[in-house]
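K.L.:
In my numbering, the protein residues as written are 27 to 351. Idealized CB from N, CA, C, for every residue including glycine. Have a look at this one.
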């Protein structure tokens with residue numbers, strides 16, 4: 027029994043020394059130890075029981091003068107049974123010790139793997155830190171560039187704003203100049219007929235003059251109706267291209283740019299040899315620009331410059347092309 031207790035104490039020390047096991051493994055070991063304790067207690071009880079039986083036998087022997095040899099045989103039987111139980115318990119202790127050793131080796135192996143993983147994680151962390159530093163440096167450089175770009179953009183916007191203000195003033199001047207320059211004839215005092223109707227028969231000249239004077243006075247709707255009446259009566263007269271152009275002008279001045287474009291196109295298509303073609307192309311470009319169609323406006327201005335480079339309309343078209351981005 028002392029030997030059993032010693033083994034049990036050694037087992038307890040070994041398990042305590044390798045207490046780095048997981049909670050689940052410790053619980054398993056605790057259960058095994060409890061089972062061993064239970065068996066030891068059971069053996070102790072059996073020992074006490076044997077002592078009691080021996081005492082009882084001795085008493086009975088004394089009282090009944092039982093045969094001593096029979097008593098010895100019973101004692102031997104009980105001792106043999108006790109030894110068998112002790113051997114069984116020792117076998118279980120050896121098995122448990124082997125399991126503890128195996129688990130100890132497993133813990134050593136697991137510890138090595140954990141160390142390797144820690145080293146790997148540390149290496150990755152160092153790499154990430156270096157990348158983070160590089161990213162921070164790039165971000166600082168980007169912020170500096172962005173700041174410089176914002177300052178440059180602000181200066182550019184200020185410049186653009188000044189240019190836009192200047193362009194607005196120029197647009198007004200250009201529109202006024204275009205309105206005068208596209209009219210191929212010079213204004214004359216109201217008492218005299220326009221220069222382009224001198225030599226024209228009185229009926230034709232009076233009808234055209236009446237429409238043109240209405241236009242000069244600002245009666246756009248009245249002027250348009252009179253020019254349309256003139257074209258209906260004289261569709262192929264030498265002043266017909268002028269009348270068609272001024273119909274487009276009445277729409278342009280009323281900011282009905284889409285209709286103005288169509289009327290200018292009629293002057294270009296119906297009277298390709300007329301002297302109002304450069305003016306009609308220029309005003310079409312200006313109308314498209316007012317509608318926000320920069321592509322068509324650019325194309326029309328280029329046509330004016332390429333086909334009529336010496337005209338006043340070409341000079342205006344060049345200036346407009348410079349303003350279109």
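#1: Tell me whether residue 350 is buried or exposed, calling it buried when 16 or more other Cβ atoms sit within 10 Å of its Cβ.
#2: Less than 7 Å between C-beta atoms, sequence neighbours within five positions excluded: which residues of the same chain meet that for residue 260?
#3: If the criterion is Cβ atoms closer than 9 Å, does the pair residue 69 and residue 111 meet it?
#4: Look at the alpha carbon of residue 86 and the alpha carbon of residue 125, and state the distance between them as a whole number of angstroms.
#5: Secondary structure at residue 265, three-state DSSP: helix, strand or coil?
#6: Answer yes if the segment 305-317 comes into contact with the segment 284-297, meaning at least three C-beta pairs across the two stretches below 8 Å, and no otherwise.
#7: Please state whether DSSP places residue 68 in a helix, a strand or coil.
#8: Per DSSP, what kind of secondary structure is residue 336 in: helix, strand or coil?
#9: Using the beta-carbon count (16 or more within 10 Å), is residue 103 buried or exposed?
#10: Could you work out which residue in 339, 313 and 171 is closest to residue 283 when comparing CA atoms only?
#11: Roughly how many angstroms separate the alpha carbons of residue 225 and residue 286, rounded to a whole number?
#12: Does the Cβ of residue 153 have 16 or more other Cβ atoms within 10 Å, making it buried, or fewer, making it exposed?
#13: Which same chain residues, not among the five before or five after residue 234, have their C-beta less than 7 Å away from its C-beta?
#14: What does a CB cutoff of less than 8 Å around residue 18 pick up in its chain, not counting 5 residues either side in sequence?
#15: Closest by CA to residue 119, which one among 58, 77, 324 and 95?
#16: By how many angstroms is the C-alpha of residue 183 removed from the C-alpha of residue 334?
#17: Applying the criterion that 16 or more other CB atoms from any shown protein chain within 10 Å of the CB defines a buried residue, is residue 117 buried or exposed?
#18: In chain order, what residues of the same chain have a beta carbon less than 8 Å from the beta carbon of residue 108, not counting five sequence neighbours either side?
P.N.:
Answer, in terms of the structure:
#1: Around the beta-carbon of residue 350, fewer than 16 other beta-carbon atoms lie within 10 Å, marking it exposed.
#2: Contacts found: 230 and 266.
#3: yes
#4: Between residue 86 and residue 125, the C-alpha separation is close to 48 Å.
#5: coil
#6: yes
#7: In this structure, residue 68 counts as helix in the three-state DSSP scheme.
#8: coil
#9: exposed
#10: 313
#11: In this prediction, residue 225 has a pLDDT of 47, which is less than 50 and means its spatial position is unreliable; what the coordinates show is noted afterwards. Straight-line Cα distance between these residues: approximately 30 Å.
#12: exposed
#13: Cβ within range, chain order: 223, 256, 265 and 269.
#14: Residue coverage of the chain in this structure runs from 27 to 351, which leaves residue 18 outside it and unanswerable.
#15: 58
#16: 35 Å
#17: exposed
#18: 69, 72, 73 and 76
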